[in-house]
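Notes for the one structure printed next.
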Amino acid sequence: MNKKFDLYTEHFGLTERPFSVLPDPSFLYWTAQHTRAYAMLEYGLLTRAPITLITGEVGAGKTTLLQQLMQNLDEDLTVGLISNAHGDRGELLHWVLMALNQKPEPGAGYVELFAAFQEFLIAEYARGQRVVLIFDEAQNMTNESLEELRMFTNINSNKDELLQLILIGQPELQDMVRKPEMRQFAQRVSSSFHLKHMDAATVYEYIRHRMKIAGANKVLFNKAAAASVYQATGGVPRLVNQLCDLAMVYAYTAGAQSVTAKTVQVVLDDGTFFGRTAQEPEESVTK
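Next comes the structure, spelled out in structure tokens:
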């Protein structure tokens with residue numbers, strides 16, 4: 000491990016950094032919002048919903064929830080994960096087949112690609128597997144791509160569900176689905192949830208949770224410090240992580256044993272934290 004981080008964690012009596020911005024399910028704090036969002040993901044799989052939709056602001060914890068889901072999927076599911084899918088009709092099918100470890104014939108047209116996709120779904124169904132396609136950053140897809148996904152669900156017939164879709168994206172995805180021209184797609188969405196930001200009380204508990212997972216045996220952020228973090232970040236988990244991490248670096252370099260509201264303010268005054276723009280925090284998270 001880098002010596003700086005050895006000193007950082009040793010100084011505070013920690014086993015690891017508590018506020019890495021990389022998604023890590025082992026640090027997942029189950030806010031009421033995240034609990035409900037995850038429940039809707041599980042509900043969608045359990046009820047074999049054609050389309051499940053999870054949206055939230057950048058840094059709200061969508062990817063962490065997705066990783067948690069991927070770690071707990073049943074063995075009878077064949078999963079393809081597609082991130083940042085883009086392109087025209089044929090390109091989307093290429094992304095899908097690649098995610099399912101299928102190699103289409105060179106130069107294959109749309110009809111051949113779709114036939115290969117359908118044959119794969121039927122083959123998986125025959126051996127007792129259900130295919131789930133997960134599209135992360137789905138707000139980058141076009142209306143035409145979303146309509147193509149809806150057409151994919153037409154492969155399901157009667158009680159035979161061969162395919163389920165899970166779309167994860169930013170709020171723009173919700174706006175796209177609500178457009179009048181997307182009503183047929185919206186009708187296939189049987190499970191959905193929108194992740195909002197944490198409120199001040201939840202931010203305090205979130206910080207305590209991550210510190211505990213990292214090995215802290217005492218309170219290193221008091222309530223005033225946590226309140227300052229909330230005010231500066233609006234309760235966005237990723238921004239909370241960034242600011243808390245910087246505050247701990249500042250406390251360490253000052254030889255302090257805890258982080259105070261003054262520590263957080265020094266970070267903000269120095270312009271080290273580039274997180275939030277001038278926007279109001281979202282509606283509070285219900286505890």
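0 is the number of the first residue of the sequence shown in numbering that gives the first Met the number 0; add one for each residue after it.
Don't be surprised by glycine CBs; every beta carbon is placed ideally from N, CA and C.
It should be emphasised that the depicted structure is a prediction, and the values quoted were computed from it without experimental measurement.
Remark: fewer than three beta-carbon pairs, one from each stretch, lie closer than 8 Å, so the region 51 to 59 and the region 111 to 121 are not flagged as touching. Bounds of the alpha helix (DSSP H) holding residue 183 are 182 to 186. The straight-line gap separating the alpha-carbon atoms of residue 99 and residue 72 is approximately 16 Å. Counting only runs of at least 3 residues, the region 43 to 119 fully encloses the following beta strand (DSSP E) elements, listed from N- to C-terminal order: 50 to 55, 76 to 82.
In the assembly as shown, residue 105 is an exposed residue. Its beta-carbon has fewer than 16 other beta-carbons within 10 Å.
The C-alpha of residue 117 is placed about 45 Å away from the C-alpha of residue 198. Per the Cβ contact rule, the region 63 to 81 is not in contact with the region 205 to 215 (fewer than 3 Cβ pairs under 8 Å). Taking C-beta separations shorter than 6 Å and ignoring five residues to either side along the sequence, the partners of residue 52 in its chain run 166, 188, 191, following chain order. Residues of the same chain with a CB within less than 8 Å of the CB of residue 25, apart from the 5 flanking positions on each side, are 212 in chain order. In this structure, the straight-line span from the alpha carbon of residue 69 to that of residue 34 is close to 16 Å. Under the 8 Å Cβ criterion, the region 13 to 32 does not count as touching the region 162 to 181, having fewer than three qualifying pairs.
About 5 Å separates the beta carbons of residue 235 and residue 196, which is inside the 8 Å limit, making them a contact pair. Contact annotation: residue 215 and residue 11 have beta-carbon atoms nearer than 8 Å.
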